[in-house]
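**Q** Pasting a structure below so you can have a look.
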Amino acid sequence: MKNREKTLLVSLLIILSALILLESTKKPPVNWTSTLSKLDKIPFGTFITYQELKKQADSFEEINTSVFEFLQDKESKKEQSIYIANNLPFEKAETKKLLNWVAKGNTAFLSAYNFGQGFLDTLNLKIKSEIKSDALLHFPRYETTKPEDRASFAQFNRDTPIRYFSKPDSLTYTTLGKAFYESKESKRFVNFIVIKHEKGRLLLHLAPHVFTNYFLLDKKENQYYTNSVLTQLNLKNKLYWDNHYSTNKTIANTSLLYVFLENKHLKWSYYFILLGLILFVIFKGKRTQRSIPILPVLTNQTYNYTKTIAGIYLEKQEHQEIVKKQINYFYSWLREELHIIFTAVDCPNLKQIAAKKGTSIEECEHLINRLNAYKNQSICSAEELEKVYKLIYYFKLNYHGREQKHRE
């Protein structure tokens, strides 16, 4: 990998690590989802209400099934159930089962923004919404009908419409709480009622957000209001808490990956490990090969070899052999380099040689005859060997000099 590529890679890793570090240390945004779940400590969870009721009730049990399943063949008396959800979609079958259970002397507390149409039709109720038209924000206030609570009110500091019962029949229903906007002189809307059914009671409430963590921690008056609403329940009797109709119906997920992703620090540690594995696969996942050794370049030993052989011939004074080899090598050079055609072994084409060398045919003929004469001698002296060498050397020198001049 080149130095530039390494620098770019290191820079990219530093930037990516810095971004992940900033993201992992950043304060998470507030989750305003209305879950109304006992597990959630977010603003619109009901963790505080659940914990307080569980702690104060003499007998506490949780419901993880529908109303119909829970009340199937249930013959208990003087028990209570509390349902807090965004929507309670009870139809006529569930409503009938719930009213039969209430008639035995039990109490059902239902708090939701919406109820099933079958439920409302059975109880002859209608629900409407009130939105203040002369303001951009609508902060509803709540009060109970208890004389000791009339001096104070609770306020939900979120833009929310008021849900209310449009036709409460005072002969059948008793008003327990109302909602209004801003001043004490504003119009009141009934949002909390009790229906007495034979030996039991059915409590209906249309503002489930008064049981959320945000509402309870916002103002002390809000705590007084929620406490006043819940005093309608007798905590000496057994209390059932519903988990089925809230947003998070399932029991806490205890899988290892869920635990990792729920914790911010563990989650980003997990992401760092994944990033490291990806980088390892990219840069180290390939099979690492052994380094190929650098072999030294083979040197040309032809000159040394020739020098050694020539030395042997000279030492033995075999001048004739050296002459023959010199002339044969010269003829081989004529064939390969000058592409001269030989009519016999020692008879090259003189016209071609003259044309290539740029000289007369007579001069070329004189050179070849002298070389053949030396070659055919049985004995040659050192002086004759030197003459043969000079004849061949000056021929090649003149040829290469002419060739260089021609190229220039």
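Per the working numbering, the very first residue in the sequence shown carries number 28; after that it's consecutive. Positions of the beta carbon are idealized from the N, C-alpha and C atoms, including for glycine.
1) Apply the 10 Å Cβ neighbour rule to A84 and answer buried if 16 or more other Cβ atoms are within range, or exposed otherwise.
2) Within the chosen definition, does the stretch 406 to 425 reach the stretch 370 to 379 through at least 3 CB pairs nearer than 8 Å?
3) Under a three-way DSSP split, which group does K276 fall into?
4) Counting only runs of 4+ residues fully inside the stretch 30 to 98, write out the alpha helix (DSSP H) ranges in chain order.
5) Cα separation between L152 and S86?
6) Measuring straight from C-alpha to C-alpha, what distance separates T92 and F287?
7) Reducing DSSP to helix, strand and coil, say where S138 ends up.
8) Does K65 pass the burial test, meaning 16 or more other C-beta atoms within 10 Å, or should it be called exposed?
9) Look up C391 in the DSSP assignment and say whether it is helix, strand or coil.
10) Indicate the three-state DSSP secondary structure (helix, strand or coil) for G338 in the structure shown.
11) Within 10 angstroms of the Cβ of E389, are there 16 or more other Cβ atoms? Answer buried if so, exposed if not.
12) Counting along the chain, where does the beta strand (DSSP E) carrying T172 start and finish?
13) In chain order, what residues of the same chain have a beta carbon less than 7 Å from the beta carbon of Y241, not counting five sequence neighbours either side?
14) Taking N113 and Y140 to be in contact with their CB atoms under 8 Å, please state how far apart those CB atoms are, rounded to whole angstroms.
15) Are S193 and K155 touching if we call contact CB-CB under 8 Å?
16) For K159 versus K226, is the C-beta distance shorter than 8 Å?
17) Just the C-alpha distance for L46 and S38, rounded to the nearest angstrom, thanks.
18) Would you decide whether F307 is buried or exposed? Buried here means 16 or more other CB atoms lie within 10 Å of its CB.
19) Are Y169 and A120 close, meaning C-beta to C-beta below 8 Å?
20) So if DSSP puts G204 in a beta bridge, which residue, or which two residues, is it bridged to?
21) Using alpha carbons as the reference points, say which of K105, R215, A382 lies closest to H366.
22) Might you give, ordered along the chain, the residues of its own chain that have their beta carbon closer than 7 Å to the beta carbon of I406, omitting 5 neighbours on each side?
23) Please classify P167 as buried or exposed, where buried requires at least 16 neighbouring CB atoms within 10 angstroms.
24) Using three-state DSSP, classify Q107 as helix, strand or coil.
25) Assuming contact is defined by CB atoms lying nearer than 8 Å, are I111 and T73 in contact in what I supplied?
26) What is the DSSP secondary structure of E102, counted as helix, strand or coil?
27) Check G143 in the structure and name its three-state DSSP category.
28) Go through its chain and collect everything with a Cβ distance to D186's Cβ below 6 Å, but skip five positions before and after it.
29) Mind checking I278: buried by the 16 CB within 10 Å criterion, or exposed?
30) Spatial neighbours of H271 within its chain, please: C-beta separation below 7 Å, excluding the five flanking residues on both sides.
31) Where R228 and K214 are concerned, what is the direct C-alpha to C-alpha distance, given to the nearest angstrom?
32) Please report the distance separating the alpha-carbon of E79 from that of T201.
33) For N218, tell me which candidate among L260, S138, D245, K173 has the shortest Cα-Cα distance.
34) For A409, which of helix, strand or coil comes out of DSSP?
35) Rounded to a whole number of angstroms, what is the C-alpha to C-alpha distance between Q431 and V350?
36) When DSSP labels each residue in this structure, what does N331 get in the three-state scheme?
**A** Short version:
1) The residue labelled residue 84 in the question sits at position 57 within the sequence shown. That one is buried.
2) Judged by pairs of C-beta atoms under 8 Å, the stretch 406 to 425 does not touch the stretch 370 to 379, as fewer than three such pairs exist.
3) Counting from 1 along the sequence shown, the entry for residue 276 is found at position 249. With a pLDDT of 49 at K276, under the threshold of 50, the modelled position of this residue cannot be trusted, and the question is left open.
4) Unbroken alpha helix (DSSP H) stretches of 4 residues or longer found wholly inside the stretch 30 to 98: 30 to 52, 74 to 83, 94 to 97, given in chain order.
5) What you label residue 152 is simply residue 125 of the sequence shown in a count that begins at 1. What you label residue 86 is simply residue 59 of the sequence shown in a count that begins at 1. Note on geometry: alpha-carbon atoms of L152 and S86 lie some 32 Å from one another.
6) Stepping through the sequence shown from its first residue, residue 92 is reached at position 65. Stepping through the sequence shown from its first residue, residue 287 is reached at position 260. One C-alpha to the other measures close to 29 Å.
7) Start at 1 with the first residue of the sequence shown, and residue 138 comes out as number 111. DSSP places S138 in strand when its eight states are reduced to three.
8) Here residue 65 refers to the residue found at position 38 when the sequence shown is read from its first residue. Answer is buried; the Cβ neighbour count reaches 16.
9) By 1-based counting over the sequence shown, the position of residue 391 is 364. C391: helix per DSSP, three-state reduction.
10) As a first step, residue 338 must be located in the sequence shown, where it is residue number 311. It is helical.
11) Here residue 389 corresponds to residue number 362 of the sequence shown, with the count starting at 1. The residue in question, E389, is exposed, as its Cβ has fewer than 16 Cβ neighbours within 10 Å.
12) Locating residue 172 in the sequence shown gives position 145, counting from the first residue. T172 -> no beta strand (DSSP E), and no H or E assigned at all.
13) Position 214 of the sequence shown, counted from the first residue, corresponds to residue 241. So the qualifying residues of the chain are P70, F71.
14) Reading the sequence shown from its first residue, position 86 is the one you call residue 113. Reading the sequence shown from its first residue, position 113 is the one you call residue 140. The Cβ separation is near 6 Å, so the contact holds.
15) Within the sequence shown, the letter at position 166 stands for residue 193. Within the sequence shown, the letter at position 128 stands for residue 155. The answer is yes: Cβ separation under 8 Å.
16) Residue mapping note: residue 159 aligns to position 132 of the sequence shown, counting from 1. Residue mapping note: residue 226 aligns to position 199 of the sequence shown, counting from 1. No, the Cβ-Cβ distance between K159 and K226 is not below 8 Å.
17) Against the sequence shown, residue 46 aligns to sequence position 19. Against the sequence shown, residue 38 aligns to sequence position 11. Rounded to the nearest angstrom, the two C-alpha atoms are 12 Å apart.
18) Within the sequence shown, numbered from 1, the residue matching residue 307 stands at position 280. It is exposed - the Cβ of F307 has fewer than 16 other Cβ atoms within 10 Å.
19) Within the sequence shown, residue 169 is the residue found at index 142, counting from 1. Within the sequence shown, residue 120 is the residue found at index 93, counting from 1. Not in contact: Y169 and A120 (Cβ atoms no closer than 8 Å).
20) On the sequence shown, position 177 is the one that residue 204 refers to. Paired residue(s): T171, F219.
21) Along the sequence shown, read from residue 1 onward, the residue named residue 366 stands at position 339. Comparing Cα-Cα distances from H366 to each of K105, R215, A382, the minimum goes to A382.
22) Position 379 of the sequence shown, counted from the first residue, corresponds to residue 406. Result list for I406: Q347, in chain order.
23) Locating residue 167 in the sequence shown gives position 140, where the first residue counts as 1. Label assigned to P167: buried.
24) Here residue 107 refers to the residue found at position 80 when the sequence shown is read from its first residue. Three-state DSSP puts Q107 in a strand.
25) The count along the sequence shown starts at 1 and reaches residue 111 at position 84. The count along the sequence shown starts at 1 and reaches residue 73 at position 46. Yes; because the gap between Cβ atoms is below 8 Å, this pair is in contact.
26) Residue mapping note: residue 102 aligns to position 75 of the sequence shown, counting from 1. When DSSP states are grouped into helix, strand and coil, E102 belongs to the coil group.
27) Working through the sequence shown from its first residue, we reach residue 143 at position 116. G143 falls in the coil class under three-state DSSP.
28) For this step, residue 186 is matched to residue 159 along the sequence shown. So the qualifying residues of the chain are L164, H165.
29) Numbered from its first residue, the sequence shown carries residue 278 at position 251. With a pLDDT of 47 at I278, under the threshold of 50, the predicted position of this residue should be treated as unreliable, though the coordinate-derived value follows. When all chains shown are included, I278 counts as exposed.
30) On the sequence shown, position 244 is the one that residue 271 refers to. Excluding positions up to five away in sequence, the list reads I90, N91, T92, S93.
31) Within the sequence shown, the letter at position 201 stands for residue 228. Within the sequence shown, the letter at position 187 stands for residue 214. When rounded, the distance between both Cα atoms is 27 Å.
32) In the sequence shown, the residue the question calls residue 79 occupies position 52. In the sequence shown, the residue the question calls residue 201 occupies position 174. Near 27 Å, if we compare the C-alpha coordinates of T201 and E79.
33) Indexing the sequence shown from 1 puts residue 218 at position 191. The shortest C-alpha to C-alpha distance from N218 to any of L260, S138, D245, K173 is the one to S138.
34) Within the sequence shown, residue 409 is the residue found at index 382, counting from 1. Taken through DSSP and simplified to helix, strand or coil, A409 comes out as helix.
35) Residue 431 sits at position 404 when you count from the first residue of the sequence shown. Residue 350 sits at position 323 when you count from the first residue of the sequence shown. With a pLDDT of 43 at Q431, under the threshold of 50, the modelled position of that residue is not reliable, and the figure given next carries that caveat. About 28 Å.
36) Residue 331 sits at position 304 when you count from the first residue of the sequence shown. The answer is helix: DSSP assigns N331 an H, G or I state.
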